Amino acid sequence: MASSLAAESRAASSRDPRPRGRSLWPAATLAAALIALPFAGNDFIAYQVALFLIYGIATQGVALCWGRLGFLPLGHSLFFGLGAYIAGGAAKAGAAQPLWWLAFPLALLLPALLAWVVARLIFARSMRSGPYFSLITLAMTMLGFLAAQQWSSITGGFNGMGNIPEPPGLERYSTLYWLVAAAAVASTATLGVLVGRPLGVLWRAIAQNEERMQLFGYATDHVKANAYAFSALLAAGAGALFATHQGIVTPQAMSFVLATEFVIWAAVGGKASPLGALLGAVVVGYASAELRDHFAMWEVFVGLLFIAVVRFLPDGIAGLAGLAGFGGKPARRNANVAITPLPAPPSSAPKQVPALVFDDVRSTQGGVRILDGLSFRLAGPGIRAVIGPNGAGKTSAFNVLTGRLPVTGGHIQVGGRDVTGWTAWRVARLGVGRKMQVPSVFADLSVRENLSVALWAGRLHGRAALRRAPQAWCTPLLEEMLGCFPELAASLDVPASRLSQGHRQALEFVMTVLPEPHLLLLDEPCAGLSPAETQRMIQVIVRAVRRLGAGALLIEHDLAAVAALDGEVYVLHQGRMLAQGSLQDLQADPAVRAVYAGARK
Amino acid sequence: MDRRLFLQSTAAASVLGVAHPVFAADAVKVAVMIPQSGPAGLFGPSAKACAELAAETINARGGLLGQKIELLFGDAGLAPAEASQAALKLWKGSGAAAVIGMHDSAVRGALVGLFKGQVPYFYTPVYEGGECAKGTYVNGETPQQQLQPVIPWIAAERKPKKWYLIGNDYIWGRNTNAAAKGYIEKTGAQVVGDEYLPFTVDNFDASLARIRDSGADAVLVSLVGGASVGFNKAFASFGLADKALRLGTLIEENTLAGIGLANAKNLYSSAGYFANIATPAAQAFAAAYGKRFGPQAPALNGLAESTYEGFLMLEAVARKAGALSVAKMDAACEGASYSGPRGAVTMKARHVEQDVYVADVADKGFRVVKTFSHVSSGQTCKA
Amino acid sequence: MDGGTLLHALNLVYELSTLALTTLGLAVVFGLLGVMNMAHGEFVMIGAYSVVAVQQWGLPTLAAFPLAIAVCAALGWVVERWLIRPLYRRPFDTLLATWALAMLMRKVVEAIWGKGFRNVDDALTVAVPIGNTSYPAYRLGLIALTIVLLAALVFWYRRSSAGLRVRAMTGNPMLAQALGIDTQRLASRTFIVGVVLAGAAGVMLAPLIRIEPGIGVDYLLDAFFVLVVGGLGTLGGLAGGVGVIGGSQALVSSLFGQTSGYAVVLVISILFLWLKPDGIFARR
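Protein chains in written order, with this note's numbering: chain A, 309 to 909; chain B, 5 to 387; chain C, 74 to 357.
Spelled out as structure tokens, the structure:
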């Protein structure tokens, strides 16, 4: 069955009427310009521009991490320099013994591997590593610089590794340009294409709301590390070209000064646009090299430009020039173009309701006991309501389950496994879905893209992230939900930030159920909704839960809604379970009445 | 325009001394690579001034092989790869027909690898010896020149028993100290310490403590520029100037100004040139320099003056060879000579035989206390 | 204690003092206000260049102090108002904006004084005899001044009413505002104090270092590492960080050379940034 599905989707994608090659325009324009350059100028100018194309490829690596994924590598010259030294060594050895040229790819692979390992280690620790990650990359580059200077037997020390030959068959001042130009075009094309594929959407989603991604079960630290490794591959490849282009590699190729220049070029050129980043390096870098000697104020000007860009122009000149269509944010899909829906592969989430056990869970922060021995058991399908006064620990109970709040005592089990202290995505993969109190969606993605990201959770494996087909996936549940919320179906191409509170609640709820989790944590899904919307939302929740056969915990303040659910109710108070039972029983319970004043809505 | 045509026209232009069609027809471009930034940046202005004076002097007597010299300056104070790019721009981009280089050995290595003997390259400053690349002509003092007669003389004058060698961690520092060891041991003294520091080191406390602990009474200072200034200042501030004499092979007027006369007690410098040498040729040069650049001129010093010598050597070799091509100049350079501010200078094995002066520091600055004539460079490059 | 050991001990105290001195400004700005000021080292550099300027203009060297204070205060006010304040709760953007500022400051100084390095004359080149050895008088003065500055800062923070207000603001900015404390002005003044401290450090160090436009980065990184390792917002953090970073650098340098010393500092800092970014003595 899986193979026939695959065959169907392959056939379907070949009939896909969406415009193709749109993402290749920037690369094509670049190719045209680079072909014309040696004829418009001369070979020496082409040689000089080639150097900045090389820097530009590394800058694209920085722009990928920073502009797409939202973390800033301040030390990318480390990989550039490593690639340069390894390639230089291989080339020099290759001049004597041609077999050494086979070691050339190591110049790209080893730095990428290093980047991957480092990123996995750092991102796994915490989601909020942003600025510290930048400082770590900077410190690593400085270490690399020191090593390059000290290990003169390998690197040539301060004098550098000189006399690096050109690749066989190419000449430094003429034909090598074509190799560099081809690499620049290939890099721009690849990045431009990737940005439009599901992987590109996932990247943007991670940059906007990493926590939400983790709640879907995406291992965001893996995705970030893979992207970082890819960006290091680009930088190392650029370094390898640098070695053969210049013929000499010195520790400056691994210095923080160069790393800073990559960041500046990416910022000024446009960090969200691969072509922008490349042109940033070429234009600003080349202009600097030429004008630096003539105008003392040139560098001051570049400094001011950088500050202005950081402060006022986050998307650089590419953003300003409206180059968003050229490899920047993918153009809004033309709503009139029909997308043939494809059936999505089955979700890999577990198919049964995992039993949920809280066993004397405690959580203390800054002296405040947020959870103070919370214990309960939940098994089997059905909606349980969770009520209690403010500060009772309702949202905190969800937070300890999804790793947002550290557990200082007790255990939590999901589906028989002890998940105390697990990261959010690991818990999510056990079939747990969570809807946040403040609707947490991807603000700058369209509604369609928001839904796609949710749909892909648990379904998008390996190379599927690089194909177009997943963008046309559909499930019966999705269709049903869109039927329940026609306002979402009508605004598929609207960015989620422009939705009203009510629509955003609806969107987040739909996103929460799309991965088909069997344990749902719903935190005030009706907050901010009118009575009519509340009623509809409750109905949809009941319908979805029944359809999935899932168990759900619903935090709610509106007792009319709770009454309508007619299921078991948990009352929390001061971080502990106060009572549980049907709503009538609880309303009669004097302990509940004592603490829970103002029960009527 | 394709590459072969470009290179052919440049080669033709350099052989015939006729510049590239785009530029003025009568001038020969000479690229001058001097440090305008970085640790040796303080030599930049004086070197530039000497280069300009040299070009004007040569132009006044008819120019280089009949053509007027036009100067192109490049910053050799950058890291070797960047300096190499700057030189490339002057050579291939602007059509320089010869290169005069006054910069450190790391940059020299990069430039030699860049030029690959296709353009005449005159390297002028103090250096470590051993450069025999095709098309490269070296005017600078070598360690053998600066130390071989001088160390025995100091041994006789001051009788030091324990020498401490300190240098920057690169080939010049290491080679100088290595050469010195041999000469020191021949005088019967002992080498009690030998250490190397990176260029960017600011804090010499640990080294000074070691020098003090070793009981050395003589220190060979093979540090460059800012490191030399910092070290020598700190040396004196710890009261070591009275305990040990210092000998440096790259302590010239700018460095001395940075160190300060008060901190230069018992400091000796061995070099091919000092601004206040009393020979008629040197005084004439100093007068011409002062007249040309006025009282605010950058202080004359050995490294800057070596740039001037480089131009004189270029003129001498070019005249002997009859052309500005490497093939002809390599064949003709042996024995080419001229008389300049340093005295009589003769090219042997692509290095020079020249006079060496030893100076200590009195209240007005350097004071030459000994002169050695026609000292051989100790190099054995085959043509 | 014999002369050699005393000399080594004094050198160690000197190195720790300079590290503490140059970190002080960032301890105020990053430790108290939480602003990642990547231009901290450049303020130190400007302090050093004030001495160069003052000597160029033929004024007495002490005039460098008011000059540096004035320039840093003015610059600090402008920067806080237009670069830091709009980006207060976004550490990433603050990092980048101040990085850009650092670059700009470097380039302006390069345009005025060139890329080469400078030295300034120092007045007290005499060596003062101490115990069995002698030590440069200027350095002794610097050590003493650092201790005085540290003590004054702690006293101000703990005992004065301004210090109390700053503590309130950093502990709970909303509540502080509700109580009528003008947190904006207070933050601005605290930032200015931080950068002025950096400038003052530069003035004091000028005769002892090689003054170049590029020296800022080393001071910045050292200061950051000290604060990351030691922990933000406490004096114990500053002392602990200086001890660990300065001490390990001194120890390894004396055994294996300066480069190894710096490499060890980098490795320690990377480990802390990765595993314990709150440092040894975190505020909470």
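By construction, the Cβ of each residue, glycine as well, lies at the ideal position given by its N, Cα and C atoms. A quick note: this is a predicted structure, and the numbers were derived from the prediction, not measured.
Using a Cβ-Cβ cut-off of 8 Å, B:Ser41 is close to Gly187, Lys188 and Gly189 of chain C, given in chain order. Considering only beta carbons, no part of the region 41-56 of chain B lies closer than 7 Å to chain A. Between C:Pro164 and A:Pro419, the C-beta spacing is not below 8 Å. Under the Cβ criterion of 8 Å, B:Tyr127 is not counted among the residues facing chain A. In this structure A:Phe347 is exposed. Its beta-carbon is surrounded by fewer than 16 other beta-carbon atoms within 10 angstroms. C:Val221 counts as exposed, since fewer than 16 other C-beta atoms from the protein chains shown sit within 10 angstroms of its C-beta. Nearest to C:Ile343 by C-alpha distance, out of A:Ala543, A:Thr783, A:Thr710 and A:Ala447, is A:Ala447.
DSSP places A:Lys702 outside any beta strand (DSSP E); the residue lies instead in the alpha helix (DSSP H), whose first and last residues are Lys702 to Leu709.
Against chain C, the beta carbon of A:Val608 has neighbours under 9 Å at Leu177, Lys180, Val181, Glu183 and Ala184, listed in chain order. For secondary structure counted as the alpha helix (DSSP H) over 4 or more consecutive residues, the region 421-476 of chain A holds these complete runs in sequence order: 438-458 and 460-463. Exposed is the label assigned to B:Lys163, since fewer than 16 other Cβ atoms lie within 10 Å of its Cβ. Chain A places a beta carbon closer than 8 Å to that of B:Glu86, counting this residue as a contact.
Legend: CB atoms of the region 840-853 of chain A lying less than 8 Å from CB atoms of chain C are not found in any residue.
Under the three-state reduction of DSSP output, A:Val755 falls in the helix class.
If the five residues before and after B:Ala159 are omitted, its C-beta is found closer than 7 Å to the C-beta atoms of Thr191 and Ala193, all from its own chain and listed in chain order. Distance from the CA of B:Lys166 to the CA of B:Ala220, rounded to the nearest whole angstrom, comes to 5 Å. Judged by DSSP in its simplified three-state form, C:Ile216 adopts helix. Taking CB atoms only, C:Phe297 has a neighbour in chain A less than 8 Å away.
The C-alpha of A:Gly364 lies about 8 Å from the C-alpha of A:Ala492. Under the 10 Å beta carbon count, C:Asp295 is surrounded by 16 or more other beta carbons and is classified as buried. Beyond the five residues adjoining it in sequence on each side, A:Leu763 comes within less than 7 Å, by CB distance, of Ala652, Trp781, Thr783, Leu786 and Leu822 in the same chain, given in chain order. Between the region 272-281 of chain C and the region 90-103 of chain C, the count of Cβ pairs shorter than 8 Å is three or higher; the stretches touch. Annotation for C:Phe190: no beta strand (DSSP E) segment contains it, and DSSP assigns it neither H nor E.
Between B:Phe376 and B:Asp359, the gap from beta carbon to beta carbon is short of 8 Å. Distances from the CA of C:Ala112 to each of C:Ala126, C:Leu156, C:His81 and C:Ser90 were compared; the closest alpha carbon is that of C:Leu156. Under the three-state reduction of DSSP output, A:Thr672 falls in the strand class.
DSSP, reduced to helix, strand and coil, places B:Lys386 outside both helices and strands of the structure shown, so it counts as coil. The beta-carbon distance between B:Leu244 and B:Leu212, rounded to whole angstroms, is 7 Å. This is short enough to meet the 8 Å contact definition. Cβ atoms of B:Ile104 and B:Ala55 come within 8 Å of each other, at about 7 Å. Not flagged as an interface residue toward chain A: B:Tyr200, since no C-beta distance is shorter than 8 Å. Not flagged as an interface residue toward chain B: C:His113, since no C-beta distance is shorter than 8 Å. Going by beta carbons, C:Ile284 and C:Tyr87 fall outside the 8 Å limit.
By DSSP's assignment, B:Thr140 forms a beta bridge with B:Tyr125.
Taken in chain order, the unbroken stretches of beta strand (DSSP E) that lie wholly in the region 679-752 of chain A and span 3 residues or more are 690-695, 717-722 and 740-743. Using a 10 angstroms sphere on the CB of A:Lys702, the tally of other CB atoms reaches 16 or more, which defines it as buried.
The C-beta separation of A:Val618 from A:Leu382 comes to about 14 Å, leaving the pair out of contact by the 8 Å criterion.
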